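Notes for the one structure printed next.
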Amino acid sequence: ILLSATLHFILKPWPQQLEATIAMTILGGFFGFLIIPTTFAYLLTYYVLEWYWNIPPATTLWTLWIPFAVLYVVQILLLDQTHRVVLNSGPPQPRYCLERAAWAFADSIWKYYPSVECVPCFSSETTTTSSNSTAATTTTTTATTLDPSRQYIFGVHPHGIHCIPLGQFTAKDSAFDKTFPGLYGPKLTGICATVIFKIPVVRELFFHMGYVDASRSVCCDALSQGQSLFICVGGEEESLYSCPGQDIVVLQKRKGFVRLALSYGADLVPVFGVGNTDTYETYSFALSWRLWLQKKAGIALPIFHGRWFTTLPYPVPIKLLVGKPIPTPTPKVLGANPDDALVDEYHAKYIEALKDMHAKHVHDRTLIVR
């Protein structure tokens, strides 16, 4: 928070694009690039302590930080269960000046892209009839909205190197928030793999965006409390297939999110981020081995670069396609496991809806479903 807030205050007087570019460079490579600013922060803290408290020269950086580093790693690997707590999940609100500045720095990434557009790919008609003493009048109103009182599971595609469309669900006043008011907030929660919450620094970024663990027990807990969920269905495996000019989604065997929706009667909503796979150049070198490693160890190693061979993505327009909600039947027992045949039926409906939406709005490529 301190580092992000400091960068925001330093860059605020400069053109907005500069702050957006620096923020995107850092966040675009947060799995590795954040090591640099984190190390800088540690070094700065050490030298401030050395100057203020006159720490003896014999005390090295390692002897000062190793105990804290060990405690931190033990805490996040073995003890911390924050990612499994659903109560008060969802994007938290900044509480003080430094947090507001840190959020402003993180949210500046949306100024980096030429345009970020949210496109509802459905419409609903409401018919009202009014009558008076002489005649009856029928009015039909067409709207593109999602009822905030209903419960949804948003399946977001494609992952790309970074699933940029997911950020639309976690940012207030985003294109998604403006298009579908009333959904953003504590009732809309993101879920991601457990391993994310075991990576130092990266986990703090996901906590900042209001994510919780993707295990079934946590998801059931969230849905039973009336929350809606959004998830990048293809996950890490899909990131390995990311390629400019192609839209490849990993979906054929991904049925867990459908099973959850049927267990709690939540509507399924397909979401597709057009342009997300064009933000980085990728390479297929040793792809078979990297896919094997991902399946066996859960570690995805995409080979990629952005502008000037850095982690800075190419500034392409991002268009978020939001499909028509697919209603699911009300379960007889809330949370009960649905029949496999019913899961297969709604999984097929979801794939068909995603394909139709892609075909109608993306004309330079076809959707490949693996």
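Numbering-wise, the sequence shown is residues 488 to 857 according to the working numbering. Heads up, the beta-carbon is just placed ideally off N, CA and C, and yes, glycines get one too. Source: prediction; values computed, not measured.
Residue i - partner residues in DSSP beta bridges
i: Leu-808; result: Val-606, Phe-759
i: Glu-768; result: His-792
i: Phe-717; result: Phe-641, Gly-677
i: Leu-854; result: Asp-734
i: Val-699; result: Ile-678
i: Ile-686; result: For Ile-686, which the question treats as bridged, DSSP gives no partner whatsoever.
i: Ile-813; result: Leu-755
Beta-carbon spacing of residue i, residue j below 8 Å
i: Pro-818; j: Gly-752; result: yes
i: Ile-678; j: Ala-701; result: yes
i: Val-761; j: Lys-806; result: yes
i: Phe-641; j: Phe-717; result: yes
i: Leu-841; j: Cys-608; result: no
i: Leu-778; j: Leu-727; result: yes
i: Pro-814; j: Glu-768; result: no
i: Ala-858; j: Phe-694; result: For residue 858 there is no data in the structure shown, the boundaries of the chain being 488 and 857.
i: His-570; j: Val-699; result: yes
i: Val-758; j: His-644; result: yes
i: Ile-648; j: Ala-507; result: no
Buried or exposed by the 16-neighbour rule on C-beta atoms within 10 Å, applied to residue i
i: Val-737; result: buried
i: His-850; result: exposed
i: Gly-822; result: exposed
i: Leu-854; result: buried
i: Arg-852; result: exposed
i: Ala-784; result: exposed
i: Ile-786; result: exposed
i: Val-572; result: exposed
i: Cys-605; result: buried
i: Val-720; result: buried
i: Ala-492; result: buried
i: Leu-566; result: exposed
For residue i, the first and last residue of its enclosing alpha helix (DSSP H)
i: Phe-694; result: 689–695
i: Ala-592; result: Here residue 592 turns out to be Phe, not Ala, going by the sequence shown. Where Phe-592 is concerned, the enclosing alpha helix (DSSP H) stretches over 584–594.
i: Tyr-833; result: 827–848
i: Thr-666; result: 662–666
i: Tyr-751; result: 743–751
i: Lys-783; result: 774–784
i: Ser-636; result: First-last for Ser-636: undefined, no H or E at that position.
i: Ser-726; result: 722–727
i: Thr-657; result: 654–657
Of the listed residues the options, nearest to residue i (C-alpha basis)
i: Gly-669; options: Thr-632, Phe-496, Arg-777, Asp-826; result: Thr-632
i: Asp-754; options: Lys-674, Ile-651, Pro-816; result: Pro-816
i: Gln-638; options: Phe-791, Leu-747, Glu-723, Ser-726; result: Leu-747
i: Thr-764; options: His-792, Asp-827, His-570; result: His-792
i: Lys-598; options: Ser-661, Lys-742, Leu-788, Glu-832; result: Ser-661
i: Val-557; options: Pro-687, Tyr-600, Ala-589; result: Pro-687
i: Pro-858; options: Pro-731, Phe-663, Glu-723, Val-830; result: Residue 858 cannot be examined here, being either before or after the span of the chain that is shown, 488 to 857.
i: Gln-504; options: His-845, Leu-799, Met-844; result: Leu-799
i: Lys-685; options: Tyr-833, Val-561, Ile-497, Glu-839; result: Val-561
i: His-834; options: Val-803, Val-756, Trp-776, Glu-586; result: Val-756
i: Gly-810; options: Lys-836, Thr-676, Lys-740; result: Lys-836
i: Pro-812; options: Asp-634, Thr-508, Glu-586, Ser-595; result: Asp-634
i: Trp-501; options: Phe-663, Val-705, Gln-739, Phe-592; result: Phe-592
i: Glu-691; options: Glu-586, Ala-846, Tyr-770; result: Glu-586
Check: residue i C-beta below 7 Å from any heavy atom of the ligand MN
i: Tyr-728; result: Inclusion of the ligand MN in the displayed structure is not the case, the ligand content being empty and no account of it being possible.
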